[in-house]
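Engineer:
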Amino acid sequence: MGIAVEASGLVKNYGGVQALRGCSFKVEEGEVFGLIGPNGAGKTTTLRIVGTLIKPTMGWVKVFGVDTVEGASEVRRMIGYLPEDAGAYPNLSGMEYLRFMAGFYARRSDIEAVVNEGIQISGLGERLGERIKGYSKGMTRRLLLARALMVRPRLAILDDPTAGLDIVHAHHIRVKIKEYVKRGGLTVLLSSHNMLEVEYLCDRVALIDRGIIIEEGGPEELKDRYGAENLEQVFLEATRIG
Amino acid sequence: MVRILLALMVKEVKELVRDPKILLGVVLMPLILFPIIGSAIGVSQESAVRAASSSPIAIYDEDKGEASQRLIGFLEENGTVITLEASSLGEALTELEKGGYPTLLHIPLGYSANITSGRKAMVRIYANLRDLTITETVGAEAAANLINIYSYQASLSRIERLLGEVGATYEAEAVRSPIAIHYSSLVKGSLIEAPPHSIIGLVISQSILLPVLVMVMLMFAIQMAATSIAIEKEQKTFETLMTLPIDRLAILAGKLGGSTVVAILGSIAYMFGFSFYMGSALRFASQTPLPIGEVVLSPSPIGLLLLGCIIFITLVSGLALAISLAIFTDSVRAAQSLVGVVVIPVVVPAIILMFTSLENLPTWFRWILLMVPYTHSIISSKAALLGDYFGAVGGILYISIFTGITLYITSRLFSTERIITSRIGFRRGLRTKSKE
Chain Z
1034 MGIAVEASGL
1044 VKNYGGVQAL
1054 RGCSFKVEEG
1064 EVFGLIGPNG
1074 AGKTTTLRIV
1084 GTLIKPTMGW
1094 VKVFGVDTVE
1104 GASEVRRMIG
1114 YLPEDAGAYP
1124 NLSGMEYLRF
1134 MAGFYARRSD
1144 IEAVVNEGIQ
1154 ISGLGERLGE
1164 RIKGYSKGMT
1174 RRLLLARALM
1184 VRPRLAILDD
1194 PTAGLDIVHA
1204 HHIRVKIKEY
1214 VKRGGLTVLL
1224 SSHNMLEVEY
1234 LCDRVALIDR
1244 GIIIEEGGPE
1254 ELKDRYGAEN
1264 LEQVFLEATR
1274 IG
Chain A
72 MVRILLALMV
82 KEVKELVRDP
92 KILLGVVLMP
102 LILFPIIGSA
112 IGVSQESAVR
122 AASSSPIAIY
132 DEDKGEASQR
142 LIGFLEENGT
152 VITLEASSLG
162 EALTELEKGG
172 YPTLLHIPLG
182 YSANITSGRK
192 AMVRIYANLR
202 DLTITETVGA
212 EAAANLINIY
222 SYQASLSRIE
232 RLLGEVGATY
242 EAEAVRSPIA
252 IHYSSLVKGS
262 LIEAPPHSII
272 GLVISQSILL
282 PVLVMVMLMF
292 AIQMAATSIA
302 IEKEQKTFET
312 LMTLPIDRLA
322 ILAGKLGGST
332 VVAILGSIAY
342 MFGFSFYMGS
352 ALRFASQTPL
362 PIGEVVLSPS
372 PIGLLLLGCI
382 IFITLVSGLA
392 LAISLAIFTD
402 SVRAAQSLVG
412 VVVIPVVVPA
422 IILMFTSLEN
432 LPTWFRWILL
442 MVPYTHSIIS
452 SKAALLGDYF
462 GAVGGILYIS
472 IFTGITLYIT
482 SRLFSTERII
492 TSRIGFRRGL
502 RTKSKE
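Chain order of the listed sequences is Z and A. What the first sequence shows, in my numbering, is residues 1034 to 1275, in sequence order. What the second sequence shows, in my numbering, is residues 72 to 507, in sequence order.
1) Sorted by chain position, which residues of the same chain lie with C-beta nearer than 6 Å to Leu440 (chain A)'s C-beta, five sequence neighbours on each side aside?
2) Short check: CB of Thr308 (chain A) to CB of Gly1151 (chain Z), under 8 Å?
3) Look up Gly1250 (chain Z) in the DSSP assignment and give the residues it is bridged to.
4) How do the segment 1156–1168 of chain Z and the segment 1190–1200 of chain Z stand: do at least 3 beta-carbon pairs fall below 8 Å, yes or no?
5) With a threshold of 8 Å, are at least 3 pairs of Cβ atoms found where one atom belongs to the segment 447–459 of chain A and the other to the segment 477–493 of chain A?
6) Could you have a look at Tyr1168 (chain Z) and say whether DSSP puts it in helix, strand or coil?
7) Helix or strand or just coil, what does DSSP make of Gly1104 (chain Z)?
8) What is the DSSP secondary structure of Met442 (chain A), reduced to helix, strand or coil?
9) Is there a Cβ of chain A sitting closer than 8 Å to that of Leu1353 (chain Z), yes or no?
10) Spell out whether any CB of chain Z is found under 8 Å from the CB atom of Ile363 (chain A).
11) Taking the DSSP output, what are the residues bridged to Asn1046 (chain Z)?
12) Taking 8 Å as the threshold (beta carbon to beta carbon), is Leu432 (chain A) in contact with chain D?
13) For chain Z, check one thing: does any of its Cβ atoms lie closer than 8 Å to the Cβ of Arg499 (chain A)?
14) Output the residue ranges of the beta strand (DSSP E) runs that lie fully inside the segment 199–275 of chain A and measure 3 residues or longer, sorted by chain position.
15) Nearest to Thr1078 (chain Z) by CA position, among Z:Glu1064, Z:Gly1063, Z:Val1094 and Z:Arg1185, is which residue?
16) Would Glu310 (chain A) count as contacting chain Z if we go by Cβ distances under 8 Å?
17) Starting from the Cα of Ala214 (chain A), find the closest Cα among A:Gln224, A:Val194 and A:Ile205 and give me that residue.
18) Quick one: is His253 (chain A) buried, meaning 16 or more other Cβ sit within 10 Å of its Cβ, or exposed?
19) Mind pulling the chain Z residues with CB within less than 7 Å of Ala78 (chain A)?
20) Judging by CA-CA distance, which residue of Z:Leu1043, Z:Phe1137 and Z:Gly1251 is the nearest neighbour of Asp1236 (chain Z)?
21) Val1102 (chain Z) and Val1083 (chain Z) - do their beta-carbons sit closer together than 8 Å?
22) In terms of residue numbering, what span does the beta strand (DSSP E) encompassing Ala1196 (chain Z) cover?
23) What residue range does the alpha helix (DSSP H) around Ser395 (chain A) cover?
24) Please report the distance separating the alpha-carbon of Tyr241 (chain A) from that of Arg229 (chain A).
25) May I have the straight-line CA-CA distance separating Leu180 (chain A) from Glu133 (chain A), to the nearest angstrom?
26) Across the segment 315–328 of chain A and the segment 264–274 of chain A, are there enough close Cβ pairs to call them in contact, namely three or more that are closer than 8 Å?
27) Thinking just about the alpha-carbon of each residue, which of A:Ala225, A:Gln407 and A:Ile93 is nearest to the one in Ala243 (chain A)?
28) Just grab the DSSP bridge partners of Glu1232 (chain Z) for me.
29) List, in order along the chain, the chain Z residues whose C-beta lies closer than 8 Å to that of Thr492 (chain A)?
30) To the nearest angstrom, how far is the alpha carbon of Gly161 (chain A) from that of Gly170 (chain A)?
31) Below 8 Å on the Cβ atoms is my contact criterion, and I expect Ala334 (chain A) with Ala397 (chain A) to pass it. Report the Cβ-Cβ distance as a whole number of Å.
32) I'd like to know whether the C-beta atoms of Leu1255 (chain Z) and Leu1222 (chain Z) end up nearer to each other than 8 Å.
33) Of all the options Z:Leu1176, Z:Gly1197 and Z:Gly1092, which has the alpha carbon lying nearest to the alpha carbon of Leu1131 (chain Z)?
34) Roughly how many whole angstroms lie between the Cα atoms of Ile1246 (chain Z) and Ala1239 (chain Z)?
35) Within a Cβ cutoff of 8 Å, which residues of the same chain sit near Glu207 (chain A), ignoring the five residues on either side of it in sequence?
36) Consider the Cβ of Glu488 (chain A): report whether some Cβ of chain Z lies at a distance smaller than 8 Å.
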């Protein structure tokens, strides 16, 4: 297995605020890698840099060996990005939205196949014919996950994919992520505040605090390292020490 | 590339026209609201004018002579007359107010004596302005018109009698008014049988419409584009778009293209609605029929083409400006506040040019106005309509240069992360934001 994402010495300044202070990590190809940390720790900034939305002030990120600044266009062909709390176009139907997005990745003849994949992932059935403005938060999130995964990206960047969702929708999303990773060919870089979700989904996690990675490893490995019962305790212990 | 651009444009158009607020405000409202308002104004004016003109003329005949009776007889033949049995003018005026009559004709003492002895007689018309509306003047005007007709006929018959007494063969009409003036005006090489003030009045009324049309169209477009961008940022659909394997300039072009299509639809709806409004509101207004419509108001095919170019480039310019500014906002409310500031250079030239032309302004102020691109939208539209093609092309070039610069800046902004991170805080100015 190769390296899917390699971040080195990431620094990001927003005016006078330093969001990242030398963040480095590696994500193996085919694994689910979780970034966990408190609000304002730098998770979204990191994911935005990997997703080519913003450039680091210092340091670099490579996605499958391609620099996210120099080769942004090439990186964009390999990723599926799901922003935190994102919406979709309220006046399009779910089906129109999937077809619209599929058109940017697939040839005309392949669009229907991609859309069908999206229909399967979303699990929204006939509701896909309705306008998105009538969707609940959970339904919209399922649609957006379908959009991100249906185009078979090599790397899915999921910013807090189940934030604010009820158990049913959150479970659907976790199951689908797991299912698509198991199929092979997909690496996932996600952030979350839900430690149970992280334990369920992630092969490895990195604890980020105040713009820097303070701990990294598998969930079990981290729990053993800190003698903790769960990742929440690990996080509290690690940040206290940090 | 074309397929991607088309997909982005179709998405934009669907999003906009399916939004009830935009559909109602931009397309349906002008088509429904303007004709309704126009009809309401037309109907109310028509009924008010009819009521006023058919309303009776109250007469206080202080003279009670033979000549005054002849005048009253003429008025009775041509309208409704109520003779007030008052003992004084003050009492007659009290009755006028109490009775709610629109007009009182006072024939003063000595009227008949003056008429009989060949001196100029005088009557006075009192208008009862209870509600201070324009239609209340109609009653007084109707009374004055009747008296003028009577006076004219009396004058002619007296001239005829005098001419007969001296055995002269002159025409009574020619004696009364020996020289008649007929106006003709040369407009763009065509001779029109109409007085110049009538033509200019018509052209001015037409030129007032142009700034209004351009202003409203631009305000629609700017508001719509800014809101559309703000919604994309608020919903974070922009973030998703920016990570797709497509050129960011295609995203800008798709947004511009889609917004332009809807803005053109809105403008067409507005123009239709406004023409219905004008037609309905003014259908009862008495207008001198002037044979100048084809010459002055109907532009040639080249003029129409230039007008189309001006409207198109003005729209693109306004949209590009709105998009480039809305990039810095992160909510619909912030975008709409910003638009409130942006429309000032649109509204100011339009309002000024509604009431005067550039030539009448002080030189320094004229130059300031000329620097505003949307001033050229208005003066070029007028130039295109009036056949000044050189002036119209000059305006198009100026707006195009401004639009080009705006588009260049917008495209540069689209290529940077400012589109994600920047926002305008109205208290703290431009700043970047950090989510985490």
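Heads up, the beta-carbon is just placed ideally off N, CA and C, and yes, glycines get one too.
Structural biologist: Concretely, from the data shown:
1) The residue you call residue 440 (chain A) lines up with position 369 of the second sequence. Cβ within range, chain order: Pro420 and Thr446.
2) The residue given as residue 308 (chain A) occupies position 237 in the second sequence. The residue given as residue 1151 (chain Z) occupies position 118 in the first sequence. No, the pair does not count as a contact, with Cβ atoms beyond the cut-off.
3) Within the first sequence, the letter at position 217 stands for residue 1250 (chain Z). Z:Val1238, per the DSSP bridge assignment.
4) no
5) no
6) If you number the first sequence from 1, residue 1168 (chain Z) lands on position 135. The answer is coil: DSSP assigns Tyr1168 (chain Z) none of H, G, I, E or B.
7) As a first step, residue 1104 (chain Z) is located in the first sequence; it is residue number 71 there, counting from the start. If DSSP states are grouped into helix, strand and coil, Gly1104 (chain Z) belongs with coil.
8) Numbered from 1 along the second sequence, position 371 holds the residue referred to as residue 442 (chain A). Helix.
9) This structure leaves residue 1353 (chain Z) out entirely; chain Z is present only between 1034 and 1275.
10) Numbered from its first residue, the second sequence carries residue 363 (chain A) at position 292. Per-residue confidence for Ile363 (chain A) stands at a pLDDT of 49, beneath the threshold of 50, marking its modelled position as unreliable; no derived number is given.
11) For this step, residue 1046 (chain Z) is matched to residue 13 along the first sequence. The partner list for Asn1046 (chain Z) (beta bridge, DSSP) reads Z:Gln1051.
12) You won't find chain D in this structure, because its protein chains are Z and A.
13) Your numbering for residue 499 (chain A) matches position 428 in the second sequence. Summary for Arg499 (chain A): the model assigns pLDDT 48, below 50, so the residue's position carries little reliability; its value from the coordinates is reported in the next sentence. False, the Cβ-Cβ gap to chain Z never drops below 8 Å.
14) 256–258 and 261–263
15) Position 45 of the first sequence, counted from the first residue, corresponds to residue 1078 (chain Z). The shortest Cα separation from Thr1078 (chain Z) among Z:Glu1064, Z:Gly1063, Z:Val1094 and Z:Arg1185 belongs to Z:Val1094.
16) Reading the second sequence from its first residue, position 239 is the one you call residue 310 (chain A). With 8 Å as the cut-off, Glu310 (chain A) counts as an interface residue toward chain Z.
17) By one-based count along the second sequence, residue 214 (chain A) stands at place 143. Taking only the C-alpha atoms, the option nearest Ala214 (chain A) is A:Val194.
18) Here residue 253 (chain A) corresponds to residue number 182 of the second sequence, with the count starting at 1. Per the 10 Å Cβ criterion, exposed.
19) Numbered from its first residue, the second sequence carries residue 78 (chain A) at position 7. Chain Z residues near Ala78 (chain A): Phe1133 and Gly1136.
20) Your numbering for residue 1236 (chain Z) matches position 203 in the first sequence. Ranking Z:Leu1043, Z:Phe1137 and Z:Gly1251 by Cα distance to Asp1236 (chain Z) puts Z:Gly1251 first.
21) Along the first sequence, one-based indexing puts residue 1083 (chain Z) at 50. Along the first sequence, one-based indexing puts residue 1102 (chain Z) at 69. Cβ atoms of Val1083 (chain Z) and Val1102 (chain Z): not closer than 8 Å.
22) On the first sequence, position 163 is the one that residue 1196 (chain Z) refers to. No beta strand (DSSP E) contains Ala1196 (chain Z), which DSSP labels as neither H nor E.
23) Position 324 of the second sequence, counted from the start, is the residue given in the question as residue 395 (chain A). Counting along the chain, the alpha helix (DSSP H) containing Ser395 (chain A) begins and ends at Pro372 to Ala397.
24) To locate residue 241 (chain A), count along the second sequence from 1; it is residue 170. To locate residue 229 (chain A), count along the second sequence from 1; it is residue 158. Their backbone Cα atoms lie some 13 Å apart in a straight line.
25) As a first step, residue 180 (chain A) is located in the second sequence; it is residue number 109 there, counting from the start. As a first step, residue 133 (chain A) is located in the second sequence; it is residue number 62 there, counting from the start. The straight-line gap from Cα to Cα measures roughly 5 Å.
26) no
27) Mapped onto the second sequence, residue 243 (chain A) falls at position 172. For Ala243 (chain A), the nearest C-alpha among the options comes from A:Ala225.
28) Here residue 1232 (chain Z) refers to the residue found at position 199 of the first sequence. None; Glu1232 (chain Z) has no bridge partner.
29) Taking the second sequence and counting its residues from 1, one reaches residue 492 (chain A) at position 421. Going along chain Z in sequence order, the residues near Thr492 (chain A) (Cβ under 8 Å) are Tyr1047 and Ile1087.
30) Position 90 of the second sequence holds residue 161 (chain A). Position 99 of the second sequence holds residue 170 (chain A). Their backbone Cα atoms lie some 14 Å apart in a straight line.
31) Sequence index remark: in the second sequence, residue 334 (chain A) carries index 263 (1-based). Sequence index remark: in the second sequence, residue 397 (chain A) carries index 326 (1-based). Rounded, the Cβ-Cβ distance is 15 Å, inconsistent with contact.
32) As a first step, residue 1255 (chain Z) must be located in the first sequence, where it is residue number 222. As a first step, residue 1222 (chain Z) must be located in the first sequence, where it is residue number 189. Going by C-beta atoms, Leu1255 (chain Z) is not nearer than 8 Å to Leu1222 (chain Z).
33) Reading the first sequence from its first residue, position 98 is the one you call residue 1131 (chain Z). Among Z:Leu1176, Z:Gly1197 and Z:Gly1092, the Cα nearest to that of Leu1131 (chain Z) belongs to Z:Leu1176.
34) Along the first sequence, one-based indexing puts residue 1246 (chain Z) at 213. Along the first sequence, one-based indexing puts residue 1239 (chain Z) at 206. Each residue's alpha carbon lies about 6 Å from the other.
35) By one-based count along the second sequence, residue 207 (chain A) stands at place 136. Excluding residues within five positions, the ones whose Cβ falls inside 8 Å are Ala123, Pro173, Ala198, Asn199, Leu200 and Arg201.
36) For this step, residue 488 (chain A) is matched to residue 417 along the second sequence. Closer than 8 Å: yes.
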